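Chemist:
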Amino acid sequence: VDRECKLTTFVCKGCDNNCTITRMEMPGEEPSYYGSRCDKYDAIASHAKKETFFDKREQLLFREYKKDSGTGPAVGIPRALLVYDYAPLIIGFLNALDARVVLSSQTNNAIMDQAIELSYTDSCFPMKLLHGHAAMLKDMDYILYPCAIRLGSKDGDANQKYSCPLVQASPFIIRNVLDFGERLLIPIIDFSRGDDDVIKDFANIAVKMGFSRKKGKEAALAGIQSQRRFEADQAALGRELLEQLRQSGQLGVVLFARSYMSQDAGANLGIAEKLAQLGVVPIPLDFLPLESVNAKDYSDRPYWFYENKYIAGAAITVLDPQLYGLWLTNFGCGPNSFIIHIVEDIMGGKPLGQLEIDEHAAEAGIVTRLEAFVDTIKGFAHFAGKHEAPHKEDIYRRAFPAVIDTAKTFIIPRMTPHIELVGALLEGSGFRAVVLPEANERNLLYADKITSGMECLPYRVTLGDFLRFSYEDGTDLKNVEAVMAGAYGPCRFGKYALEQIKILKDVGIDLPIRTTVSNNAYRDTDISPRFARLAWKGCVAIDYLQRSLWRTRPYEKKSGSADELFDEYLGRIVGRVRKKERFDDILSHVNSDFRSLIDPELPRKPLVGINGEIFLRSNRFSNQDLVRECEKAGLEVVVSSIGEWIKYIFYRHVEDAVRDRKFLKALISYLIKRVWERDEHKVIKHFQNLVDMKEPSTEEVLRLTSEWLSPKCGSEAVLSIGTGVEWM
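If you count by our numbering, then the sequence shown holds residues 668 to 1395, one letter each, in order.
1. For Phe1288, which three-state DSSP category applies?
2. Which of the three DSSP states, helix, strand or coil, is assigned to Ala1152?
3. Who are the near neighbours of Ala710 in its chain, counting only those whose CB is closer than 8 Å to its CB and skipping five residues on each side?
4. How do the segment 765–781 and the segment 814–823 stand: do at least 3 beta-carbon pairs fall below 8 Å, yes or no?
5. Taking one C-beta from the segment 1011–1019 and one from the segment 1050–1058 each time, how about it: are there three or more such pairs within less than 8 Å?
6. Would you mind giving the Cβ-Cβ distance between Ile855 and Ser1377, rounded to the nearest angstrom? I have them listed as a contact below 8 Å.
7. For Ala1100 versus Phe1077, is the C-beta spacing smaller than 8 Å?
8. Compute the distance between the beta-carbons of Ala777 and Val742, then report whether it is under 8 Å.
9. Is Arg1065 close to the ligand NAD? I mean its beta-carbon at under 7 Å from any heavy atom of the ligand.
10. Per DSSP, Ile856 forms a beta bridge with which residues?
11. Grouping DSSP H, G and I as helix and E and B as strand, with all else coil, what is Met1082?
12. What residues in its chain sit with their C-beta under 6 Å from that of Lys828, if we drop five residues either side in the sequence?
13. Is the segment 1107–1125 in contact with the segment 996–1014, if contact means three or more CB pairs nearer than 8 Å?
14. Note down the Cα distance separating Val1368 from Asp1260, rounded to an integer number of angstroms.
15. Rounded to whole angstroms, what is the Cα-Cα separation between Ile758 and Asp806?
16. From the DSSP output, which residues share a beta bridge with Leu995?
17. Who are the near neighbours of Arg925 in its chain, counting only those whose CB is closer than 6 Å to its CB and skipping five residues on each side?
18. Measuring straight from C-alpha to C-alpha, what distance separates Leu1062 and Tyr1222?
19. In terms of alpha-carbon separation, which member of Leu955, Glu1094, Glu1298 lies closest to Arg1220?
20. Please confirm if the segment 917–934 is in contact with the segment 793–803, defined as three or more CB-CB distances below 8 Å between the two stretches.
21. Buried or exposed for Pro838, going by 16 or more other Cβ atoms inside 10 Å?
22. So, at 7 Å on beta carbons, what are the nonlocal neighbours of Leu756 in its own chain, with the 5 sequence-adjacent residues on each side left out?
23. Can you name the residues that DSSP bridges to Pro956?
24. Among Val1342, Ile1176, Glu697, whose alpha-carbon lies nearest the alpha-carbon of Tyr1138?
25. Assuming Met1082 and Phe1282 make a contact with CB atoms under 8 Å, what is their CB distance in whole Å?
26. Thinking C-alpha only, which one of Leu922, Asn1290, Glu1393 is nearest Val1128?
27. Taking the continuous alpha helix (DSSP H) assigned at Lys1214, which residues delimit it?
28. Use the C-beta contact count for Gly1131: other C-beta atoms within 10 angstroms, 16 or more gives buried, fewer gives exposed.
29. Out of Val947, Gly1310, Asn975, Arg968, which has the shortest C-alpha to C-alpha gap to Val960?
30. CA-CA distance, Gly1310 and Glu1362?
31. Only counting runs of 3 or more residues, tell me where the beta strand (DSSP E) segments fall wholly within the segment 1245–1296, in order along the chain.
32. Suppose you measure from the CA of Leu995 to the CA of Phe923; what does that come to, to the nearest Å?
33. Residue range of the beta strand (DSSP E) that Val1321 falls in?
34. Buried or exposed: Asp1292, going by 16 or more other Cβ atoms within 10 Å of its Cβ?
35. Are Val920 and Leu993 close, meaning C-beta to C-beta below 8 Å?
36. Bridge partners for Val1305 per DSSP, in chain order?
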């Protein structure tokens, strides 16, 4: 303790990172160093650099890149996100056009500094890095970065092979942040229906660059051929690696990470080489024979592309005594907050290391955790022997269809007053239904005890609904089931019911949760079309009742009168729907009733629009009663409607049927859509003299969105952006 310690610092000029190195000297000892993003000054670096199969994969990935070799326009490619999967496609396409291809440099401190400065603070680390890489290419004639939506052929509706919503939106985000305008070329990558759509979209990009469409198609085909060669050679390299592993008897560590994290040594602090220095073999996830595992053997809805890879990788790793897994993720990764649970279940008791990397990650901490992980797996391999994989039935994520049993009582989380209609719909069809009370703090007290905290808020709030009912209601759960909406991606919403069933079962609560999905416009229920149409009219009526409430409440003569009138109308409409009766006559006086509550002496207040994620904007507990808080601050508020989403899914249902060449299905869906639009207009007429904002059509919303984000992106953002623009 009393020995003198001398600390000095200097800047390493060995690369563009310009790391500040701290030198620590103790009497009678060799000096030690820390502060580098590489191993140059670390004790672990006393060994010579070891080439890993990640180095070989990178050579394959960029083998067709020849800097400044073309004679055409200079086209920059950011070395970020899905470029680490699709560089051969992009580079092969540009080479065929004789473009002068410029790839941004490997991730370094300068790029990270730019990334942090330019990006939104709540973006994930890889998304931030895209900003930094793209900024380095600002002087190019063009920058090409794709919008990647579906990254493989669909395996039915439930396995769409989606990329995450943020990756889908990433090129449009950097276009606006960096003001690239038309210089940013954004081809759509969607392999769900084969190569044709991708070829067509890349050909469109070639036309924007001044080439003929024929030349563009030829170049796109050349790019796809380059991609297929890369994938075949990568598979061969994977077989070579696994054979070497068998012969050597070494332990292999599979990096469960997206390629843009596992392959980017500048971002992940050189994890692959560090593992190699510690005496194990780092293995890219894609080097495993992933195609040998069907993710649907483990989940009814494995709709993310990388989710399929993670499930397959875990299924292979758990059975191989030489393989272990290292989960590499980033702070705030939405899909991973759900995927990690099924990967952990598949791995059972076999060690699975976990590292979370972002711009704050420190070299020393990473090395320490890797050393501990390697010690753990070496000990496990020595003492545990062959590991038995858990039974698939204990892992399986099951989606219960929306086929409803009349002998059961169905509980429904109350997202918004509209849910009263769902309860009435079920009761009117002969089922017993209970709409749960509004969420409160107890929801999260229950849910947070059994979740990681990384899951999204609506998941935890609705899980809390089921836990509150189970623990506090006293009802025998033997004859109880739950009902929720669902989807087949790309956001986490479609995972809610599957993960909630599993986590409830883990704490001893057997509660089937039936889901109806938006992808088929909620037609997978036992509700008759005529009754569903009545419920739709009820949904529109409640949308406009809410707008009448928000128009009236800031100006009411008597405090609370607007809420009382809203509740009265809500109850009357729900009662009629429960009895399968029309309610048009109820609305005949709605306009005058609400208007009579307004004090005409009060001037209009500033009008604020609230949109965004449908649950958060609609659920009072989740948004902390945002509407009332705005009203207390002297504002008038309007919130995007529930009907906006219903109309959108009908629009997409028609669009998808046309793309799939299911023309009869498309025609039927179109006719239903038109009938429902007519019903909507009839309901709205009752409110037109009070509510002074007319909702735009879905087509108009998507047209407005298209200037900022491709409407092909499969998330609510395509509605929120267009609605926001229309309001402005």
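Ideal Cβ positions, reconstructed from N, Cα and C, are used throughout, including at glycine. Treat the numbers as computed from the prediction; the structure is a model and nothing was measured.
Modeler: With the structure as the only source:
1. DSSP, reduced to helix, strand and coil, places Phe1288 outside both helices and strands of the structure shown, so it counts as coil.
2. It is a strand residue.
3. With a pLDDT of only 49 at Ala710, under the threshold of 50, the placement of this residue in the model should not be trusted, and no figure is reported.
4. Result no; under three Cβ-Cβ pairs closer than 8 Å.
5. By the C-beta criterion, the segment 1011–1019 is judged to be in contact with the segment 1050–1058, since at least 3 inter-stretch pairs fall below 8 Å.
6. Ile855 to Ser1377, Cβ: 7 Å. Contact.
7. In this structure, Phe1077 lies closer than 8 Å to Ala1100 by Cβ.
8. Not in contact: Ala777 and Val742 (Cβ atoms no closer than 8 Å).
9. This structure lacks the ligand NAD; in fact it carries no ligand of any kind.
10. For Ile856, DSSP records a beta bridge to Ala815.
11. Met1082 sits in coil when the DSSP states are folded into three classes, being neither helix nor strand.
12. Cβ within range, chain order: Arg817, Leu818, Gly819, Phe972.
13. Yes, the segment 1107–1125 touches the segment 996–1014.
14. If I take the Cα positions, the gap works out to 31 Å.
15. Cα to Cα, the separation comes out at about 19 Å.
16. Leu995 is bridged by DSSP to Leu1022.
17. Excluding the 5 residues flanking it on each side, Arg925 has same chain C-beta neighbours closer than 6 Å at Tyr973, in chain order.
18. Note that residue 1062 is Ile in the sequence shown, not Leu. Linking Ile1062 to Tyr1222 through their CA atoms gives a straight-line distance of about 55 Å.
19. Answer by Cα proximity: Glu1298.
20. Touching, per the Cβ criterion.
21. It counts as buried.
22. Excluding positions up to five away in sequence, the list reads Gly890, Ile891, Ser893, Gln894.
23. When beta bridges are read from the DSSP output, Pro956 appears opposite no residue.
24. Tyr1138 has its Cα closest to that of Ile1176, out of Val1342, Ile1176, Glu697.
25. Met1082 to Phe1282, Cβ: 6 Å. Contact.
26. Among Leu922, Asn1290, Glu1393, the Cα nearest to that of Val1128 belongs to Asn1290.
27. Residue identity check: residue 1214 is Arg in the sequence provided, not Lys. For Arg1214, the enclosing alpha helix (DSSP H) covers residues 1196–1219.
28. Burial state of Gly1131 is buried, judged by a 10 Å Cβ sphere holding 16 or more other Cβ atoms.
29. Ranking Val947, Gly1310, Asn975, Arg968 by Cα distance to Val960 puts Asn975 first.
30. Rounded to whole angstroms, Gly1310 to Glu1362 spans 10 Å at the Cα level.
31. Fully enclosed beta strand (DSSP E) runs of 3 or longer: 1274–1277.
32. One alpha carbon belongs to Leu995, the other to Phe923, and they sit about 6 Å apart.
33. Counting along the chain, Val1321 falls outside any beta strand (DSSP E), though it belongs to the alpha helix (DSSP H) covering 1309–1326.
34. The residue in question, Asp1292, is exposed, as its Cβ has fewer than 16 Cβ neighbours within 10 Å.
35. For Val920 and Leu993, yes; Cβs fall inside 8 Å.
36. According to the DSSP secondary-structure assignment, Val1305 is paired through a beta bridge with Gly1276.
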